[in-house]
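The block underneath contains the structure these notes are about, expressed in structure tokens.
Numbering (the working numbering), first residue to last: 756 to 1092.
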């Protein structure tokens, strides 16, 4: 392989990535960096360059794939530090504060424990890049490293997407854009192996089959729990957070009046009310959960109570009691000021 060709690949890839970024800003009216968009553009530019130079494609694509993986690992480290591409609310994880809010992080998630999905993905991509680099070093068949990167990253990215909590990301037919892209890339790499366009690697195909079983299981679970899937979409989680903030502001205005109850409702029909209850042990905060669009079941109520706790009351004891069919009390204690 020629160092000059590799330098031309860098120039062609950089130009393609720059064009994608300019086009994206023109279309959406702002910055929106999507790894798959840039990776596909860079790969296309590199293939066209290699074809025009009469160079073999697969050996250089191996280098390009590993290089993109290294860049993505560095990028995810940056995401982790600034709070973009963040995870869902959780019982543990990373918390972002006022400094991050000033830089664009959602204010309603400030101080909330979030799954560190950026760090997890970054570490996995680093492993993918390392293995791919070792394959190149040991001079495996051309295309082996490319195939490994496509399958290893694509299959993992599909799963990581379920942990993402950032908003306003398109999800056609129940899957995110990144999940559809991952599905297509893994399928493409597998088909190329079966057609002997890429080196045939039995253990990679076995891994794809195992991944397909996991994906099918997740899809079936979501199919039979569609309400939970809708309620825990990032945009709806934001509505729940704002509802809790409105209720908290109301409690501060009327801290001593336990007889008054305020009700908030989300776009999915989830109703949340809040009141204070005085007991011999002290003041307790009481939320009431229900669904305006149908009877809420116990599984949904417990899941919502868990979300409420993660969003605004991570240090409180939480209990869920069914008041009557479809209506549940969520009790937190002891209540803070």
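We put the beta carbon where it would ideally sit given N, CA and C, even for glycine. Small disclaimer: the values here were computed from a predicted structure and weren't measured.
Self-check item: Backbone secondary structure at residue 858 - three-state DSSP
Solution: Residue mapping note: residue 858 aligns to position 103 of the chain shown, counting from 1. Here residue 858 sits in coil by DSSP.
Quiz item: What residues in its chain sit with their C-beta under 6 Å from that of residue 1076, if we drop five residues either side in the sequence?
Solution: On the chain shown, position 321 is the one that residue 1076 refers to. Counting only Cβ-Cβ distances below 6 Å, and skipping sequence neighbours, we find 1084.
Quiz item: The alpha helix (DSSP H) with residue 814 in it runs from where to where?
Solution: As a working note, residue 814 is residue 59 in the chain shown. Residues 812 to 837.
Self-check item: Length of the line joining the Cα atoms of residue 832 and residue 985
Solution: Taking the first residue of the chain shown as 1, we reach residue 832 at position 77. Taking the first residue of the chain shown as 1, we reach residue 985 at position 230. Answer to the nearest angstrom: the Cα atoms are 30 Å apart.
Self-check item: Rounded distance between the beta-carbons of residue 905 and residue 870, thought under 8 Å
Solution: As a working mapping, residue 870 is identified with position 115 in the chain shown. As a working mapping, residue 905 is identified with position 150 in the chain shown. 25 Å between Cβ atoms; not a contact.
Quiz prompt | Own chain partners of residue 1060 with C-beta closer than 8 Å, once the 5 adjacent residues on each side are dropped | solution = Position 305 of the chain shown holds residue 1060. Taken in chain order, the residues that qualify are 1042, 1044, 1073, 1075, 1083 and 1085.
Quiz prompt | With 16 other Cβ atoms within 10 Å as the buried cut-off, status of residue 1092 | solution = As a first step, residue 1092 is located in the chain shown; it is residue number 337 there, counting from the start. Note that residue 1092 scores a pLDDT of 39, beneath 50, so its modelled location is shaky; the value from the coordinates is reported in the next line. It is exposed - the Cβ of residue 1092 has fewer than 16 other Cβ atoms within 10 Å.
Quiz item: Quick one: Cα of residue 781 to Cα of residue 962, how far?
Solution: Here residue 781 refers to the residue found at position 26 of the chain shown. Here residue 962 refers to the residue found at position 207 of the chain shown. Distance between the alpha carbons of residue 781 and residue 962 is about 40 Å.
Exercise. Hey, could you find the ends of the alpha helix (DSSP H) residue 867 is sitting in?
Key: Working through the chain shown from its first residue, we reach residue 867 at position 112. Residue 867 -> no alpha helix (DSSP H), and no H or E assigned at all.
Self-check item: CB of residue 1040 within 8 Å of CB of residue 999, strictly
Solution: Counted from its first residue, the chain shown places residue 1040 at position 285. Counted from its first residue, the chain shown places residue 999 at position 244. No.
Quiz item: Which residue spans inside the segment 896 to 961 form an unbroken alpha helix (DSSP H) run of at least 4?
Solution: 899 to 915 and 932 to 949
Practice problem: Using alpha carbons as the reference points, say which of 878, 860, 857 and 866 lies closest to residue 847. | Solution: Numbered from 1 along the chain shown, position 92 holds the residue referred to as residue 847. Taking only the C-alpha atoms, the option nearest residue 847 is 866.
Quiz prompt | Rounded separation between residue 770 and residue 1006 - CA only | solution = Stepping through the chain shown from its first residue, residue 770 is reached at position 15. Stepping through the chain shown from its first residue, residue 1006 is reached at position 251. Those two C-alpha atoms are separated by around 55 Å.
Quiz item: Can you name the start and end residues of the beta strand (DSSP E) that residue 1026 belongs to?
Solution: Taking the first residue of the chain shown as 1, we reach residue 1026 at position 271. Counting along the chain, the beta strand (DSSP E) containing residue 1026 begins and ends at 1025 to 1034.
Practice problem: Classify residue 1091 as helix, strand or coil using the three-state DSSP reduction. | Solution: The sequence position of residue 1091 within the chain shown is 336, counting from 1. With a pLDDT of 46 at residue 1091, under the threshold of 50, the modelled position of that residue is not reliable, and no figure is offered here.
Practice problem: Please list, in chain order, all residues of the same chain as residue 917 whose beta carbon is under 8 Å from its beta carbon, the five residues on each side excluded. | Solution: Taking the first residue of the chain shown as position 1, residue 917 is located at position 162. If we look at residue 917 and ignore the five residues flanking it on each side, its Cβ neighbours are 973.
Practice problem: Using a threshold of 8 Å, state whether the C-beta atoms of residue 708 and residue 1081 are closer than that. | Solution: Outside the modelled stretch of the chain, which goes from 756 to 1092, sits residue 708, for which no answer is possible.
Exercise. Go through its chain and collect everything with a Cβ distance to residue 806's Cβ below 8 Å, but skip five positions before and after it.
Key: Taking the first residue of the chain shown as 1, we reach residue 806 at position 51. Only 812 meet the Cβ criterion.
Exercise. Buried or exposed for residue 834, please, with buried defined as at least 16 other CB atoms from any protein chain shown within 10 angstroms of its CB.
Key: Walking along the chain shown from the start, residue 834 turns up at place 79. Looking at its Cβ environment, which holds 16 or more other Cβ atoms inside 10 Å, residue 834 is buried.
Quiz item: With DSSP run on the structure shown, which of helix, strand or coil describes residue 976?
Solution: Numbered from 1 along the chain shown, position 221 holds the residue referred to as residue 976. If DSSP states are grouped into helix, strand and coil, residue 976 belongs with the helices.
Exercise. Measure the Cβ-Cβ separation of residue 908 and residue 886 and say whether it is below 8 Å.
Key: Sequence index remark: in the chain shown, residue 908 carries index 153 (1-based). Sequence index remark: in the chain shown, residue 886 carries index 131 (1-based). In this structure, residue 886 does not lie closer than 8 Å to residue 908 by Cβ.
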